[in-house]
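S.K.: Following this message is one structure expressed as structure tokens.
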Amino acid sequence: MEQKTNKILNLKDDIIFKVFFSRKGNEEFLIDFLKALLKIDIKEIKIQEEVNLEKLSKKEKGGRLDLQARLDNGTIVNIEMQLRNEHNIEERTTYYSSKVISRETQRGTNYKDIKQVIMINILDYEMLGFDEYISETAVVLDKHREYEVLKGIKWYFIELPKFRKQHPNMNEKINQWLAFIDDYDRGLVKMAEEKNETLKKARLQISYLTGDEEAKRMQWLEEKWEMDRVSEVSYAKEEGKKEKQLEVAKKMKAKDMDIDTIIEITGLTKEEIEKL
101 MEQKTNKILN LKDDIIFKVF FSRKGNEEFL IDFLKALLKI DIKEIKIQEE VNLEKLSKKE
161 KGGRLDLQAR LDNGTIVNIE MQLRNEHNIE ERTTYYSSKV ISRETQRGTN YKDIKQVIMI
221 NILDYEMLGF DEYISETAVV LDKHREYEVL KGIKWYFIEL PKFRKQHPNM NEKINQWLAF
281 IDDYDRGLVK MAEEKNETLK KARLQISYLT GDEEAKRMQW LEEKWEMDRV SEVSYAKEEG
341 KKEKQLEVAK KMKAKDMDID TIIEITGLTK EEIEKL
């Protein structure tokens, strides 16, 4: 079956997002984005592991990938792109943060040497019941909400649908990046690229990347894996439903109930009931 390549590929695609930002030579784009979001000065950044398409293709499925980087002050940043609401983002990002810390520490590590971890979740669905589309967490004392404690981990939740509903100030660099990543409103994207020279360069890089046949193949494989997963879940549900129908039919047949009645109640065929 010939794979489709006419779908517009952009940074909301999990594979494209991580390959683009992890690519050697593209560090300036991640620096520009993180400076805008975190509001801190970043001079250098080190990608923990470049996403290698050839290596990924051996998996034959689009499993989740971490985009992880270390800032020049030692802070570790982990970025996740989530398109569908699987109703587990809080639990998953909490679990991921503990994994990030465990990877960065070794036996005998001084607790004071453990660097801050920042978990950034970019969501293509609404999660929190507030108008703000960028939410930063803080752990505070119950009776002293002004006092922040446990600063070792911070979470950011960026909700793109809320961003679309508002009229963002496009002079703010973070809004330029969100318009660019979301790639939904062409007017906002054009304005963002006019105001931010880094985004103009990023557009050229994405055009090159999305023209890469290997990138398209990986994106197609990820979609195929997701379709297969949905199909397997659906099949399992149907199998469970069929088992219940057969169990009911067995009990009805044991009571010598009319076969037409059993068919009407269970939805099974006459042949299926006769085999019981």
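Sequential numbering of the sequence shown, starting at 101, is according to the numbering used here.
We put the beta carbon where it would ideally sit given N, CA and C, even for glycine.
This one's a predicted model, so the numbers in the text were calculated from it and none came from an experiment.
#1: Are SER202 and VAL217 touching if we call contact CB-CB under 8 Å?
#2: Would you call PHE263 buried or exposed, if buried means 16 or more other Cβ atoms sit within 10 Å of its Cβ?
#3: Can you grab the Cα-Cα spacing for the pair ILE176 / LYS124, in whole Å?
#4: Are LYS243 and MET181 touching if we call contact CB-CB under 8 Å?
#5: Taking the alpha carbon of GLY252 as the point to measure from, which residue in LYS135, THR194, ILE189 and LEU346 has its own alpha carbon closest?
#6: So the candidates are ASP213, ILE258 and LEU250; which of them puts its Cα closest to the Cα of GLU226?
#7: Can you tell which of LEU299, TYR233 and TRP255 has its C-alpha closest to the C-alpha of PRO268?
#8: Taking only runs of the alpha helix (DSSP H) that begin and end inside the region 159-208, which ones reach a length of at least 4 residues, in chain order?
#9: For ILE363, which beta-bridge partners are listed by DSSP?
#10: So, with DSSP's three-state summary, where would you put MET352?
#11: To the nearest whole angstrom, what separates the beta carbons of LEU299 and LEU346, a pair I think is in contact under 8 Å?
#12: Determine the contact status of LYS143 and ARG170, defining contact as a CB-CB distance below 8 Å.
#13: By DSSP's criteria, PHE257 is part of a beta bridge. Which residues make up the other side?
#14: Among the residues of its own chain, which have a CB less than 8 Å from the CB of LYS295, if the five just before and after it don't count?
#15: Indicate whether LEU260 and VAL249 have their beta-carbon atoms separated by less than 8 Å.
#16: Output yes if chain B places a C-beta closer than 8 Å to the C-beta of GLY174; else output no.
#17: Roughly how many angstroms lie between the CA atoms of ASP114 and ASP360, to the nearest whole one?
M.R.: According to the data block:
#1: By one-based count along the sequence shown, residue 202 stands at place 102. By one-based count along the sequence shown, residue 217 stands at place 117. Result no, Cβ atoms of SER202 and VAL217 do not sit closer than 8 Å.
#2: Taking the first residue of the sequence shown as position 1, residue 263 is located at position 163. With 16 or more other Cβ atoms within 10 Å, it is buried.
#3: Residue mapping note: residue 176 aligns to position 76 of the sequence shown, counting from 1. Residue mapping note: residue 124 aligns to position 24 of the sequence shown, counting from 1. About 18 Å.
#4: As a first step, residue 243 must be located in the sequence shown, where it is residue number 143. As a first step, residue 181 must be located in the sequence shown, where it is residue number 81. Contact: no.
#5: For the purposes of this step, residue 252 is taken as the residue at position 152 of the sequence shown. Measuring from the Cα of GLY252, the nearest candidate turns out to be THR194.
#6: To locate residue 226, count along the sequence shown from 1; it is residue 126. That would be ILE258, whose Cα lies nearest to the Cα of GLU226.
#7: In the sequence shown, the residue the question calls residue 268 occupies position 168. Minimum Cα distance to PRO268 is reached at TYR233.
#8: 189-204
#9: By one-based count along the sequence shown, residue 363 stands at place 263. Bridge partners of ILE363: none, in fact.
#10: Here residue 352 corresponds to residue number 252 of the sequence shown, with the count starting at 1. In the structure shown, MET352 sits in a helix (DSSP, three-state: H, G or I).
#11: As a position in the sequence shown, residue 299 is number 199, starting the count at 1. As a position in the sequence shown, residue 346 is number 246, starting the count at 1. LEU299 to LEU346, Cβ: 59 Å. No contact.
#12: As a working note, residue 143 is residue 43 in the sequence shown. As a working note, residue 170 is residue 70 in the sequence shown. It is not a contact, given that the beta carbons lie outside the stated cut-off.
#13: Along the sequence shown, one-based indexing puts residue 257 at 157. DSSP, once it has assigned bridges, lists ASN221 and SER235 as partnering PHE257.
#14: The residue you call residue 295 lines up with position 195 of the sequence shown. Excluding positions up to five away in sequence, the list reads MET270, ASN271 and GLN276.
#15: By 1-based counting over the sequence shown, the position of residue 260 is 160. By 1-based counting over the sequence shown, the position of residue 249 is 149. Not a contact, by the Cβ cut-off of 8 Å.
#16: The structure shown contains no chain B; it is built from a single protein chain.
#17: By one-based count along the sequence shown, residue 114 stands at place 14. By one-based count along the sequence shown, residue 360 stands at place 260. Going by the C-alpha atoms only, they are around 52 Å apart.
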